[in-house]
Amino acid sequence: MESEIKCFTSDHVSTEEQSICDKPQDEINSNLDMSLSQAESHKLPIDKTLVSEFKQMKLEKEAQKNWDLFYKRNTTNFFKDRHWTTREFEELKSCRQFESQRLVLLEAGCGVGNCIFPLLEEDRNIFIYACDFSQRAVDFVKQHPLYCPERCKAFRCDLTQDDLRGEVPPASVDVVTLIFVLSAIHPDKMVRSLENIFRVLKPGGCVLFRDYGLNDHAMQRFKAANKLGQNFYVRQDGTRSFFFSKELLAELFEGRGFHSVANDYVFRKTVNKKEGLCVQRVFLQSKFTKAHQTETSP
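If you use the working numbering, the sequence shown corresponds to residues 9 to 306, in order.
Structure (structure tokens):
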């Protein structure tokens, strides 16, 4: 899940912006102080007035429609293929118990396939379940020349209410990738999504997570009139974005039976050469596992 963004008018990561921010340059140690400087803090909305309850209910009701419209406008041209995934998540290469093992992966929130198709191209011994909230996005995945039912199964799914076990066998998935997806879900429904994922993940399997971190530049650009709740905002196109602290993320996952292996902020400098802008992005990159012993689904 993620209009032209050549001067940072939205917090969606555009093709141009993503191609720069995903390079491992200017990365800062994740234990640095996350507090905003005085120069930055004035940019954050200080008005505690939230978007009206009526509008918030309307946004929730129309969430799928807004993502379908997003993909109708941008088709497959908005996001750049994520060739950085195996570099950032070594587990995609190292988590096999034996070399010839066929890895089973679930891409939760696959969009138009910018993560799954580089993986299918690079790894011949992988099967990917790919789901998204938007039927239009799923249709784009199925139209891709690399899509093959023997190696990939794409389907529409609302992680907050559709049981993944209707499409994915329980406890069958080695790795779940959750990349810029949980932030688009209403905070009250995030737990349901994690419970859903837990049920299809094998004991010993892992969730690889990357999303927006607290005090990211995108968060600073939102106006007070776009605030839905604490660290939760709505964009002009009706899609929404939440910004995570690592403490909250750990609480969400560990409360649903996951074990935290890694959970740190990643700092990147994003440069827009055309506009002469250089801004700091803050992402949260994490790994959570499901215990090996048999557990009752939460």
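By construction, the Cβ of each residue, glycine as well, lies at the ideal position given by its N, Cα and C atoms.
| Check | Outcome |
| --- | --- |
| Span separating the alpha-carbon of serine 201 from that of leucine 167 | 5 Å |
| DSSP three-state assignment for glutamine 244, whether helix, strand or coil | coil |
| Cross-strand partners of glutamate 59 (DSSP beta bridge) | Per the sequence shown, residue 59 should be read as valine rather than glutamate. Valine 59 is not bridged to any residue. |
| Contact test: threonine 93 Cβ vs the ligand ADP heavy atom, cutoff 7 Å | Here there are no bound small molecules, and the ligand ADP is not part of this structure. |
| Separation of arginine 207 from aspartate 171, as counted between CA atoms | 9 Å |
| Environment of alanine 299 [buried if 16+ CB atoms lie within 10 Å] | exposed |
| Buried or exposed by the 16-neighbour rule on C-beta atoms within 10 Å, applied to serine 43 | With a pLDDT of 43 at serine 43, under the threshold of 50, the predicted position of this residue should be treated as unreliable, though the coordinate-derived value follows. Per the 10 Å Cβ criterion, exposed. |
| Sub-8 Å separation of lysine 295 and cysteine 165 beta-carbons | no |
| Euclidean distance between Cα positions of threonine 93 and cysteine 123 | 7 Å |
| Pairwise C-alpha distance: arginine 159 and lysine 282 | 40 Å |
| First through last residue of the alpha helix (DSSP H) which encompasses lysine 254 | 254-262 |
| Straight-line gap, phenylalanine 148 to leucine 67 (C-alpha atoms, nearest Å) | 24 Å |
| Residue environment, leucine 40, which counts as buried when at least 16 other CB atoms sit within 10 Å | In this predicted model, leucine 40 has a pLDDT of only 39, less than 50, meaning its place in the structure is not dependable; the value taken from the coordinates is given anyway. Counting Cβ neighbours within 10 Å, leucine 40 comes out exposed, since fewer than 16 surround it. |
| Glutamine 33, buried or exposed, once every other Cβ within 10 Å from all chains shown has been counted against 16 | Residue confidence is low: glutamine 33 scores 35 on pLDDT, short of 50, so the model does not pin down where it sits. Its coordinate-derived value is still stated next. Counting Cβ neighbours within 10 Å, glutamine 33 comes out exposed, since fewer than 16 surround it. |
| Beta-carbon separation (whole angstroms), leucine 257 vs leucine 216, contact threshold 8 Å | Going by Cβ atoms, the distance from leucine 257 to leucine 216 rounds to 13 Å, so no, they are not a contact pair. |
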